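Peer 1: In the working numbering, the protein residues as written are 25 to 393.
By construction, the Cβ of each residue, glycine as well, lies at the ideal position given by its N, Cα and C atoms.
For clarity, every value in this text was computed on a predicted model and none was experimentally measured.
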Ligand SMILES: *Cc1c(COP(=O)(O)O)cnc(C)c1O
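1. Roughly how many angstroms separate the alpha carbons of residue 393 and residue 316, rounded to a whole number?
2. Around the C-beta of residue 91, are 16 or more other C-beta atoms found within 10 angstroms, so that it is buried, or is it exposed?
3. Based on Cα-Cα distance, which residue from 86, 268 and 139 lies nearest to residue 201?
4. Using a Cβ-based criterion (distance less than 6 Å to any ligand heavy atom), does residue 84 qualify as near ligand 1?
5. May I ask you to list the residues that DSSP assigns as paired with residue 269?
6. Can we count residue 32 as close to ligand 1, meaning its CB is less than 6 Å from some heavy atom?
7. Give me the Cβ distance between residue 29 and residue 227, rounded to the nearest whole Å; I'm assuming they're in contact under 8 Å.
8. Measure the alpha-carbon distance for residue 149 versus residue 195 and round it to whole angstroms.
9. Tell me whether residue 180 counts as near ligand 1, meaning its Cβ is closer than 6 Å to at least one heavy atom of that ligand.
10. For residue 116, report the span of its alpha helix (DSSP H) as first-last.
11. If you measure from the CB of residue 222, is any heavy atom of ligand 1 nearer than 6 Å?
12. With three or more beta-carbon pairs closer than 8 Å as the criterion, would you say the region 235 to 244 touches the region 138 to 155?
13. At a cut-off of 6 Å, would you count residue 39 as near ligand 1, judging by its Cβ distance to the nearest heavy atom?
14. Do three or more CB pairs link the region 54 to 69 to the region 244 to 257 at distances below 8 Å?
15. Quick one: Cα of residue 95 to Cα of residue 386, how far?
16. Checking 7 Å against the spacing of the C-beta atoms, do residue 107 and residue 368 come in under that value?
17. Going straight from the alpha carbon of residue 127 to that of residue 47, what length do you get?
18. Using the C-alpha atoms, what's the distance from residue 372 back to residue 116?
19. Of the choices 263, 278, 353 and 111, whose alpha-carbon is the least far from that of residue 342?
20. Along the chain, where does the beta strand (DSSP E) that runs through residue 180 open and close?
21. DSSP three-state call for residue 139: helix, strand or coil?
22. If you count every other CB in all the chains shown that lies within 10 Å of the CB of residue 54, and 16 or more means buried, which is it?
23. Can you look up residue 103 in the DSSP assignment and give me helix, strand or coil?
24. What is the DSSP secondary structure of residue 97, reduced to helix, strand or coil?
25. Would you call the region 32 to 41 and the region 156 to 170 in contact, with 3 or more CB pairs under 8 Å?
26. Measuring straight from C-alpha to C-alpha, what distance separates residue 263 and residue 88?
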């Protein structure tokens, strides 16, 4: 069997004829930039998440950058984030002129609230927790910290569209949040795409201006801005995919249960949280990140799975943000580094069949035998 880590052809193949007619319709009408499909998608996304506003942007990185910019984050400010995240979380802080402050993640790989609190200084302006792997952080603790120290919350929800904490969606806890529609994300399009959601009308209005060169719908330029619009074709594709998304979530959770049931007896591996482990949390399993109790096994298991036709990857290439020398953090976060050296992402996406999951689990058992 050949099981790639992610099957990029499936992004189109899953709904080929529907996509063909959507694309043909849009390009035939010449309806490319900021058209009604964009408005429709924004309105359906905000309805789905129960937020007042949603805005399509070019990608999630821009969504985070614009969220922080609209909130006034800039030079002299510090912004706390979990180092076990994509570099984009940190670059969106850095590119606003603020200082990214990486902190540890906990055993669940999500930002550790105690480490957040230890990192707070007079300059701390915001916290950007990453809702990693389709899971949600301990939002009560994080919200309490934000309230106690009067700190802004912006969520990096790139990986967690549809995940919930105490029945409230990831991305709806802070002043705003950004989602990614990169092809391999839970809802992926045919290139780059993203969205910001917020309940705050001022933030909404600001980002709406900023994403389009500071230009309002009518009248002259009002401020410096950038070009970060979501293409209308993508908005239409995403609007269709959002309607199918609950099916995809159900399937991802089924796959997670299959992995859990077939791997839970292996003491050598620490598995992601099972769907029933914490009733406060509803996971969408963007990724299935396992951790080897003995990190020496990680690369060997990866190679063994590869020789059996199974693709796996190390998230972020195996390094947390503070470990990239060129970014000059010059600090050590031992718990995060331990997790980075012992974790592996197994295939997790809706193209996978039951028998492919069984094959992967059997191969992992064979490795340890
Ligand atoms: C994918 C990802 C991003 C960036 O999303 P883009 O749409 O590619 O800009 C940011 N943060 C996390 C945690 C991600 O996984």
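Peer 2: Looking at the atomic coordinates:
1. Taking the first residue of the chain shown as 1, we reach residue 393 at position 369. Taking the first residue of the chain shown as 1, we reach residue 316 at position 292. Between residue 393 and residue 316, the alpha-carbon positions lie close to 15 Å from each other.
2. Here the question's residue 91 lines up with position 67 in the chain shown. So residue 91 ends up on the buried side.
3. The residue given as residue 201 occupies position 177 in the chain shown. For the options 86, 268 and 139, the alpha carbon positioned closest to that of residue 201 is the one of 86.
4. Position 60 of the chain shown holds residue 84. Yes - ligand 1 has a heavy atom lying nearer than 6 Å to the Cβ of residue 84.
5. Walking along the chain shown from the start, residue 269 turns up at place 245. DSSP lists no partner for residue 269.
6. Stepping through the chain shown from its first residue, residue 32 is reached at position 8. No, Cβ of residue 32 sits at least 6 Å from all heavy atoms of ligand 1.
7. Residue mapping note: residue 29 aligns to position 5 of the chain shown, counting from 1. Residue mapping note: residue 227 aligns to position 203 of the chain shown, counting from 1. Actually they are not in contact, since the Cβ atoms of residue 29 and residue 227 sit about 36 Å apart, beyond 8 Å.
8. Your numbering for residue 149 matches position 125 in the chain shown. Your numbering for residue 195 matches position 171 in the chain shown. Straight-line Cα distance between these residues: approximately 19 Å.
9. If you number the chain shown from 1, residue 180 lands on position 156. Yes, ligand 1 has a heavy atom inside 6 Å of this Cβ.
10. Within the chain shown, residue 116 is the residue found at index 92, counting from 1. It spans 111 to 118 - the alpha helix (DSSP H) in which residue 116 sits, taken as one unbroken run.
11. For this step, residue 222 is matched to residue 198 along the chain shown. No - ligand 1 has no heavy atom lying nearer than 6 Å to the Cβ of residue 222.
12. Taking one beta carbon from each stretch, the region 235 to 244 and the region 138 to 155 have fewer than 3 pairs nearer than 8 Å; the two do not touch.
13. Along the chain shown, one-based indexing puts residue 39 at 15. No, since every heavy atom of ligand 1 falls outside the 6 Å radius drawn around the Cβ of residue 39.
14. Touching, yes, given that three or more Cβ pairs across the two stretches are closer than 8 Å.
15. One-based indexing of the chain shown puts residue 95 at position 71. One-based indexing of the chain shown puts residue 386 at position 362. Straight-line Cα distance between these residues: approximately 49 Å.
16. Locating residue 107 in the chain shown gives position 83, counting from the first residue. Locating residue 368 in the chain shown gives position 344, counting from the first residue. The criterion of a C-beta distance shorter than 7 Å is not satisfied by residue 107 and residue 368.
17. Working through the chain shown from its first residue, we reach residue 127 at position 103. Working through the chain shown from its first residue, we reach residue 47 at position 23. Rounded to the nearest whole angstrom, the C-alpha separation of residue 127 and residue 47 is 43 Å.
18. The sequence position of residue 116 within the chain shown is 92, counting from 1. The sequence position of residue 372 within the chain shown is 348, counting from 1. The straight-line gap from Cα to Cα measures roughly 27 Å.
19. For the purposes of this step, residue 342 is identified with residue 318 of the chain shown, where counting begins at 1. The shortest Cα separation from residue 342 among 263, 278, 353 and 111 belongs to 111.
20. Within the chain shown, the letter at position 156 stands for residue 180. According to the DSSP assignment, residue 180 belongs to the beta strand (DSSP E) that extends over 176 to 180.
21. Sequence index remark: in the chain shown, residue 139 carries index 115 (1-based). Assigned with DSSP and collapsed to three states, residue 139 falls in helix.
22. Counting from one through the chain shown, the residue named residue 54 turns up at place 30. Counting Cβ neighbours within 10 Å, residue 54 comes out exposed, since fewer than 16 surround it.
23. Numbered from 1 along the chain shown, position 79 holds the residue referred to as residue 103. The answer is strand: DSSP assigns residue 103 an E or B state.
24. Taking the first residue of the chain shown as 1, we reach residue 97 at position 73. Collapsing the DSSP output to three states places residue 97 in coil.
25. Between the region 32 to 41 and the region 156 to 170, the count of Cβ pairs shorter than 8 Å is below three; the stretches do not touch.
26. The count along the chain shown starts at 1 and reaches residue 263 at position 239. The count along the chain shown starts at 1 and reaches residue 88 at position 64. Rounded to whole angstroms, residue 263 to residue 88 spans 21 Å at the Cα level.
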